[in-house]
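Student: Below are the structure tokens for one structure; questions will follow.
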Amino acid sequence: MAQADADGPDLWRRILKWWWWIPVIAAITCLSYLSPSAFWIDADQYTAALEEDRKVIHPPGYVGFIAAAKSVHQFVESPYRSFQIVSLLSYLASIPLVHFAIRRQTAPRTASILTLTYALGWIPLNIATIGTSHASDLLFAAVLVFLTSRGKDAASSWWWHLALFTTVAWAASFRLSSVVMAGPFLLLVALRDFRIRSFWMSGLVGAALLGLVLAWTAKAYGGWSNYREASAALHALNAPSGLLTGGSLKSAGMNLVRGGWWLWLALPVLPVLAVMPSQRQGMTHRSWETLFPAALAGGVIFVIFGYLCAHPGYLAMALPPLFVLIAQFLGKAPLLIRACLVQLAITLMVFFIPRPIQPPASAAEAAANGLLLQYTASAHRSAVKTRSLSSWLHEAGRDDLIPGHRREKAASEAD
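Residue numbers for the sequence shown follow the numbering used here, so the first one is 36 and each next one is one higher.
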């Protein structure tokens, strides 16, 4: 019996040195609450685009994402399932890349626990199978943090810059606004590598590929003028929600509050650890290796504050770099593994136990739906239509709490 007890901990230590079991658990978990029909914002538009053989939905177009789903549709009968498969594969592919980036910052066991916390995090679980392009943001960001985790020596090789700029072009074809969010990160790369020849040569290749993506998108819209008109119409609808686009400070503040709440649900409980000096032992500063993920996460937060944060999918790109930063600064903190395990327990309870309140009878119930309850496994299984907080408030009869520029859209969403 004593030998068996001794072997148990050793077995767990060996398992935690590996990473391959994490995507397996993640896939099984996601399949347990797979939605039967499109319910997330824009998911029905993607499905309709495939059914009607269209190449775009609303700007910026998502031509690459639709093309990928069309390829899967050759083997899968359901258009919606085709998009779900592309989303799920993007999410699963991000997991080993995040693990390898984290592993360079901390010990194998801590890296595995952190990777599991990322994979079964509240935001990834919500967007992994919804059939929209937001799961591809996880993969895009994971590739970037993986590349930058290789260190400056790798950046002197021609393949590093070529992989970077090719990834940017690919991301633009799936969701062009993701490249905008990565703007500070790309500027930082330019600041560090502008003296390296491969940076300029690969940059030209990347610019050409990006131009092709834009031309592909414009052609799908029937020309540049149609594309500009559609983009202007969407911008006019969203502009009042962001400070950078003429909206109020209150609207921008609400973007930040929503984003902060959703990030808190997705990350280990770090505020307590951060203020405890005893937990910061081994904390290191690695200059570029710190700045790159910080710039990538910061770009996402800046965009959602300055423009829009309608649902948790907008924050997907911030997760891989934030987990790398956690590994770098708190990877040796004694309580980090316990914090991750507590976070996993909280996430699974919050995601799998509650269900939306239908219909909401008060502003509090509407807020609970808009900020949490519609983002649960129950909502996925029942394909409860994902709606804005304004729409839930309208259904609860509290139009007085809805910003003026959102009232018409809220009423249309509720119908």
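Glycine residues also receive a C-beta, built at the ideal position from the N, C-alpha and C atoms.
Measuring CB atoms only, is the region 74-81 touching the region 129-140, in the sense that at least three cross pairs come out at less than 8 Å?
Tutor: Contact fails: fewer than three Cβ-Cβ distances are below 8 Å.
Student: Note the first and the last residue of the continuous alpha helix (DSSP H) segment covering P355.
Tutor: Against the sequence shown, residue 355 aligns to sequence position 320. Start and end: L354 to L365.
Student: Sorted by chain position, which residues of the same chain lie with C-beta nearer than 7 Å to L284's C-beta, five sequence neighbours on each side aside?
Tutor: As a position in the sequence shown, residue 284 is number 249, starting the count at 1. Contacts found: L278.
Student: Look up R139 in the DSSP assignment and say whether it is helix, strand or coil.
Tutor: Within the sequence shown, numbered from 1, the residue matching residue 139 stands at position 104. R139: coil per DSSP, three-state reduction.
Student: Would you report the Cα separation of R89 and A418, rounded to the nearest angstrom?
Tutor: Numbered from 1 along the sequence shown, position 54 holds the residue referred to as residue 89. Numbered from 1 along the sequence shown, position 383 holds the residue referred to as residue 418. About 24 Å.
Student: Looking at Y342 and N161, is the spacing between their C-beta atoms short of 8 Å?
Tutor: Along the sequence shown, one-based indexing puts residue 161 at 126. Along the sequence shown, one-based indexing puts residue 342 at 307. The answer is no: Cβ separation not under 8 Å.
Student: Less than 8 Å separating the beta-carbons of A287 and L245?
Tutor: Here residue 287 is taken as the residue at index 252 of the sequence shown, counted from 1. Here residue 245 is taken as the residue at index 210 of the sequence shown, counted from 1. No, these two residues do not count as a Cβ contact at 8 Å.
Student: Assign E86 to one of two classes, buried (16 or more other C-beta atoms within 10 Å of its C-beta) or exposed (fewer than that).
Tutor: Sequence index remark: in the sequence shown, residue 86 carries index 51 (1-based). So E86 counts as exposed.
Student: Mind reading off the beta-carbon distance from L383 to L179? Whole number of angstroms is fine, and I expect it under 8 Å.
Tutor: On the sequence shown, residue 383 is found 348 positions in, with the first residue counted as 1. On the sequence shown, residue 179 is found 144 positions in, with the first residue counted as 1. Their Cβ separation, rounded to whole angstroms, is 28 Å, which puts L383 and L179 out of contact at 8 Å.
Student: So, using beta-carbon positions, are S208 and V98 closer together than 8 Å?
Tutor: Looking up residue 208 in the sequence shown gives position 173. Looking up residue 98 in the sequence shown gives position 63. Cβ distance < 8 Å, so S208 and V98 count as in contact.
Student: Taking the alpha-carbon positions, what's the A431 to S276 distance?
Tutor: For the purposes of this step, residue 431 is identified with residue 396 of the sequence shown, where counting begins at 1. For the purposes of this step, residue 276 is identified with residue 241 of the sequence shown, where counting begins at 1. Cα to Cα, the separation comes out at about 22 Å.
Student: Kindly give me the distance between the Cβ atoms of Y126 and S72, rounded to whole angstroms, as I take these residues to be in contact under 8 Å.
Tutor: In the sequence shown, residue 126 corresponds to position 91, counting from 1. In the sequence shown, residue 72 corresponds to position 37, counting from 1. In fact, because the Cβ distance is near 20 Å, the residues do not count as touching under 8 Å.
Student: Going by Cα to Cα distance, which pick from L376, A62, G366 and A189 is closest to I137?
Tutor: By 1-based counting over the sequence shown, the position of residue 137 is 102. Nearest C-alpha to I137: G366.
Student: Name the residue from W54, F100 and T141 whose alpha carbon lies nearest to the alpha carbon of I361.
Tutor: Here residue 361 is taken as the residue at index 326 of the sequence shown, counted from 1. Relative to I361, the option among W54, F100 and T141 whose CA is nearest is T141.
Student: Determine the direct distance from the alpha carbon of G156 to that of Q38, and round the result to whole angstroms.
Tutor: For the purposes of this step, residue 38 is taken as residue 3 along the sequence shown, with counting starting at 1. For the purposes of this step, residue 156 is taken as residue 121 along the sequence shown, with counting starting at 1. Bear in mind that a pLDDT of 46 at Q38, under 50, signals an unreliable position, so the model cannot answer this.
Student: Output the boundary residues of the alpha helix (DSSP H) element that contains P369.
Tutor: Translated into the one-based positions of the sequence shown, residue 369 becomes position 334. Premise fails: P369 is in no alpha helix (DSSP H) and is neither H nor E.
Student: By how many angstroms is the C-alpha of L302 removed from the C-alpha of A265?
Tutor: Indexing the sequence shown from 1 puts residue 265 at position 230. Indexing the sequence shown from 1 puts residue 302 at position 267. Counting only the Cα atoms, L302 lies some 36 Å from A265.
Student: DSSP three-state call for R77: helix, strand or coil?
Tutor: Counting from one through the sequence shown, the residue named residue 77 turns up at place 42. It should be noted that the sequence gives Asp, not Arg, for residue 77. Residue state, collapsed to three classes: coil.
Student: Quick test of your reading: A402 and S426, contact by CB under 8 Å. State the CB separation rounded to the nearest angstrom.
Tutor: For the purposes of this step, residue 402 is identified with residue 367 of the sequence shown, where counting begins at 1. For the purposes of this step, residue 426 is identified with residue 391 of the sequence shown, where counting begins at 1. With a Cβ gap of about 12 Å, A402 and S426 do not count as contacting.
Student: Quick check on F229: buried or exposed, where buried means 16 or more other Cβ atoms within 10 Å of its Cβ?
Tutor: For the purposes of this step, residue 229 is identified with residue 194 of the sequence shown, where counting begins at 1. That one is exposed.
Student: Excluding sequence positions up to five away, which residues of its chain have a Cβ less than 7 Å from the Cβ of L182?
Tutor: Along the sequence shown, read from residue 1 onward, the residue named residue 182 stands at position 147. The residues are W195, A198 and L199.
Student: Which same chain residues end up closer than 6 Å to G317 when comparing Cβ atoms and leaving out the 5 residues on each side of it in sequence?
Tutor: Residue numbering aside, residue 317 sits at position 282 when the sequence shown is read from its first letter. Note that G317 has pLDDT 48, beneath the 50 cutoff, so the model's placement of it is unreliable and the number below is only indicative. K367, listed in sequence order.
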